[in-house]
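**Q** Below is one structure. I have some questions about it.
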Amino acid sequence: MNSLDHVSRTAHWKPTIVAERALIVAHTAVNGEYRHLIVECGDEAASALPGQFFQLLCPQPAGEQSFLRRPMSVYGVDPARRRVEFLYKVAGVGTRGLDTLKVGDTLDLMGPLGVGFTLDPGLRNIAVVGRGAGLATLAPLAGACRARGIGVTAILSARRPDLLMSIELFESHGAEVITVTDSEQTSGPANVERILRHLISQDRCDAFFTCGSSRLLRVQQRLAHEFGLSGEIAMEQQMACGIGLCHCCVRDFNVKGEIVSKRVCWDGPVFDMMQALP
Ligand SMILES: Cc1cc2nc3c(=O)[nH]c(=O)nc-3n(C[C@H](O)[C@H](O)[C@H](O)COP(=O)(O)OP(=O)(O)OC[C@H]3O[C@@H](n4cnc5c(N)ncnc54)[C@H](O)[C@@H]3O)c2cc1C
Numbered sequence: 071m072n073s074l075d076h077v078s079r080t081a082h083w084k085p086t087i088v089a090e091r092a093l094i095v096a097h098t099a100v101n102g103e104y105r106h107l108i109v110e111c112g113d114e115a116a117s118a119l120p121g122q123f124f125q126l127l128c129p130q131p132a133g134e135q136s137f138l139r140r141p142m143s144v145y146g147v148d149p150a151r152r153r154v155e156f157l158y159k160v161a162g163v164g165t166r167g168l169d170t171l172k173v174g175d176t177l178d179l180m181g182p183l184g185v186g187f188t189l190d191p192g193l194r195n196i197a198v199v200g201r202g203a204g205l206a207t208l209a210p211l212a213g214a215c216r217a218r219g220i221g222v223t224a225i226l227s228a229r230r231p232d233l234l235m236s237i238e239l240f241e242s243h244g245a246e247v248i249t250v251t252d253s254e255q256t257s258g259p260a261n262v263e264r265i266l267r268h269l270i271s272q273d274r275c276d277a278f279f280t281c282g283s284s285r286l287l288r289v290q291q292r293l294a295h296e297f298g299l300s301g302e303i304a305m306e307q308q309m310a311c312g313i314g315l316c317h318c319c320v321r322d323f324n325v326k327g328e329i330v331s332k333r334v335c336w337d338g339p340v341f342d343m344m345q346a347l348p
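Basically our numbering = 1-based index in the sequence shown + 70.
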């Protein structure tokens with residue numbers, strides 16, 4: 071761990087990681103692929119920060135076994151009501167099991183885990199660029215930015231318009247939302263670059279916050295380099311333990327020209343965008 075990681079970790083790290091059975095208080099379909107899950111839990115879990123995640127012990131769907139917990143970002147927290155929200159895609163056996171949960175059931179969760187996003191005091195305006203499940207990870211930034219008076223432009227990308235999510239959530243926190251999709255042929259790197267260059271030219275982008283697309287990461291890295299901007303990325307990597315022990319989620323990063331291996335679950339999942347190797 072280098073000294074910068076240490077500063078970042080001590081700034082964000084919650085010494086209390088809990089494993090508990092949380093009560094399902096709402097569970098709804100957002101569209102054909104994604105579900106919105108709200109649980110009631112203890113104070114520690116409900117103090118999770120944007121960018122942190124939980125390891126969920128998903129129920130086993132009939133005839134299948136998922137073995138390990140599944141990582142899921144915090145989509146929202148309400149410390150006063152002790153609630154945590156998740157927005158997840160039904161992707162495989164674990165999330166199929168999650169999809170079977172009903173209001174009144176319980177879910178075994180462990181967290182909050184990992185290092186979340188950093189909003190430096192000097193930031194005035196940020197660009198949030200997310201695709202797919204990355205939108206779930208980035209969404210809580212909107213509220214955090216509003217609380218700090220930071221302007222947000224959110225570029226939300228999806229395969230089709232019906233799969234776009236969190237538009238109202240971003241807008242309710244005062245963010246400007248720009249949607250791009252594959253089916254409308256607006257989600258390609260060239261168009262997103264054009265949008266970002268426009269924001270930069272209007273002094274509306276001091277930093278990038280991104281998740282969910284390697285192609286869009288490369289665009290942002292190039293622009294950050296060209297204009298001297300900063301950025302953070304939340305990385306999604308298959309993981310097992312979620313607490314830094316098994317080293318299953320190690321990825322390489324470029325730290326000042328040197329290739330350094332880091333655990334996504336423990337050193338991240340949020341990293342300096344310029345260190346990420348797409
Ligand atoms: C820190 C972190 C936060 C995440 N937050 C969210 C979130 O908020 N919402 C959400 O929908 N998803 C999120 N994911 C992805 C989520 O963990 C996976 O979709 C889930 O584990 C799939 O489990 P499964 O058993 O349903 O599918 P599996 O049968 O395990 O896999 C189904 C498909 O999902 C892919 N997959 C499996 N694990 C991951 C993973 N960790 N990252 C990316 N793709 C994966 C597999 O390659 C496969 O194509 C997050 C992942 C990480 C690491």
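Glycine included, C-beta positions come from ideal geometry on N, C-alpha and C.
Every value quoted in this text rests on a predicted model; they were computed, and no experiment measured them.
Is the stretch 190-198 in contact with the stretch 210-224, if contact means three or more CB pairs nearer than 8 angstroms?
**A** Because the criterion of three Cβ pairs below 8 angstroms is met, the stretch 190-198 and the stretch 210-224 touch.
**Q** Alpha carbon to alpha carbon, how far is T188 from A214? Give it in angstroms, no decimals.
**A** Taking the sequence shown and counting its residues from 1, the one referred to as residue 214 is at position 144. Taking the sequence shown and counting its residues from 1, the one referred to as residue 188 is at position 118. When rounded, the distance between both Cα atoms is 10 angstroms.
**Q** Hey, would you say V340 sits closer than 8 angstroms to G202, going by beta carbons?
**A** In the sequence shown, the residue the question calls residue 340 occupies position 270. In the sequence shown, the residue the question calls residue 202 occupies position 132. No, Cβ-Cβ distance for V340 and G202 is not below 8 angstroms.
**Q** Can you check whether the CB of V173 is closer than 8 angstroms to the CB of A116?
**A** For this step, residue 116 is matched to residue 46 along the sequence shown. For this step, residue 173 is matched to residue 103 along the sequence shown. It is not a contact, given that the beta carbons lie outside the stated cut-off.
**Q** By Cβ distance below 8 angstroms, which residues in the same chain neighbour D276 in space, the five residues on each side in sequence not counted?
**A** By 1-based counting over the sequence shown, the position of residue 276 is 206. Counting only Cβ-Cβ distances below 8 angstroms, and skipping sequence neighbours, we find G192, L193, R194, N195, I196, L299 and S300.
**Q** Excluding five sequence neighbours on each side, which residues of the same chain lie with their C-beta closer than 8 angstroms to the C-beta of Q308?
**A** As a position in the sequence shown, residue 308 is number 238, starting the count at 1. Correct list, in chain order: C318 and C319.
**Q** Residues in the same chain with beta-carbon distance under 8 angstroms from Y158, minus the five sequence neighbours each way, listed in chain order, please.
**A** Residue 158 sits at position 88 when you count from the first residue of the sequence shown. Excluding residues within five positions, the ones whose Cβ falls inside 8 angstroms are Y104, R105, L107, M142, T165, L168, A203 and A206.
**Q** Does the Cβ of I303 have 16 or more other Cβ atoms within 10 Å, making it buried, or fewer, making it exposed?
**A** As a first step, residue 303 must be located in the sequence shown, where it is residue number 233. Burial call: buried.
**Q** Which of the three DSSP states is assigned to M180 in this structure?
**A** Reading the sequence shown from its first residue, position 110 is the one you call residue 180. M180: strand per DSSP, three-state reduction.
**Q** Whole angstroms are fine: how far does the CA of R91 sit from the CA of G112?
**A** The count along the sequence shown starts at 1 and reaches residue 112 at position 42. The count along the sequence shown starts at 1 and reaches residue 91 at position 21. For G112 and R91, the distance between alpha carbons rounds to 9 angstroms.
**Q** Could you please give the first and the last residue of the uninterrupted alpha helix (DSSP H) stretch that includes T165?
**A** Here the question's residue 165 lines up with position 95 in the sequence shown. Per DSSP, T165 belongs to the alpha helix (DSSP H) from V163 to L168.
**Q** Using the three-state DSSP reduction, which class does A118 fall into: helix, strand or coil?
**A** Here residue 118 corresponds to residue number 48 of the sequence shown, with the count starting at 1. Here A118 sits in coil by DSSP.
**Q** Just grab the DSSP bridge partners of A277 for me.
**A** By 1-based counting over the sequence shown, the position of residue 277 is 207. Note: A277 sits in a beta bridge opposite I196 and S300.
**Q** So, with DSSP's three-state summary, where would you put R91?
**A** Your numbering for residue 91 matches position 21 in the sequence shown. Correct three-state label for R91: strand.
**Q** Alpha carbon to alpha carbon, what distance is there between L126 and G200?
**A** Numbered from 1 along the sequence shown, position 130 holds the residue referred to as residue 200. Numbered from 1 along the sequence shown, position 56 holds the residue referred to as residue 126. Each residue's alpha carbon lies about 23 angstroms from the other.
**Q** Could you compute how far the alpha carbon of R333 sits from the alpha carbon of M305?
**A** Residue mapping note: residue 333 aligns to position 263 of the sequence shown, counting from 1. Residue mapping note: residue 305 aligns to position 235 of the sequence shown, counting from 1. So the alpha carbons of these two residues sit roughly 11 angstroms apart.
**Q** Over what stretch of residues does the alpha helix (DSSP H) that includes P259 continue unbroken?
**A** For the purposes of this step, residue 259 is identified with residue 189 of the sequence shown, where counting begins at 1. Run containing P259: P259 to S271, per the alpha helix (DSSP H) assignment.
**Q** With hydrogens ignored, establish whether the beta-carbon of P307 is closer than 7 angstroms to any heavy atom of ligand 1.
**A** As a position in the sequence shown, residue 307 is number 237, starting the count at 1. The question names Pro, yet the displayed sequence has Gln at residue 307. Result yes, Cβ under 7 angstroms from ligand 1.
**Q** Can P348 and S257 be called in contact, C-beta distance under 8 angstroms?
**A** Along the sequence shown, one-based indexing puts residue 348 at 278. Along the sequence shown, one-based indexing puts residue 257 at 187. Not in contact: P348 and S257 (Cβ atoms no closer than 8 angstroms).
**Q** What is the rounded straight-line gap between the Cα of M235 and the Cα of N261?
**A** Locating residue 235 in the sequence shown gives position 165, where the first residue counts as 1. Locating residue 261 in the sequence shown gives position 191, where the first residue counts as 1. Those two C-alpha atoms are separated by around 20 angstroms.
**Q** Please tell me whether V247 and E241 are closer than 8 angstroms, where the distance is taken between their beta carbons.
**A** Numbered from its first residue, the sequence shown carries residue 247 at position 177. Numbered from its first residue, the sequence shown carries residue 241 at position 171. The answer is yes: Cβ separation under 8 angstroms.
**Q** Sort W336, V109, I265 and D175 by Cα distance to P149 and report the nearest one.
**A** The residue given as residue 149 occupies position 79 in the sequence shown. It is V109 whose Cα lies nearest to the Cα of P149.
**Q** Find the nearest neighbour of H295 within the set G338, Q345, S331 and I87, judged by alpha-carbon distance.
**A** Here residue 295 refers to the residue found at position 225 of the sequence shown. Answer by Cα proximity: Q345.
**Q** Is it buried or exposed, S271, if we count other Cβ atoms within 10 angstroms and call 16 or more buried?
**A** Walking along the sequence shown from the start, residue 271 turns up at place 201. Exposed, by the Cβ-count rule.
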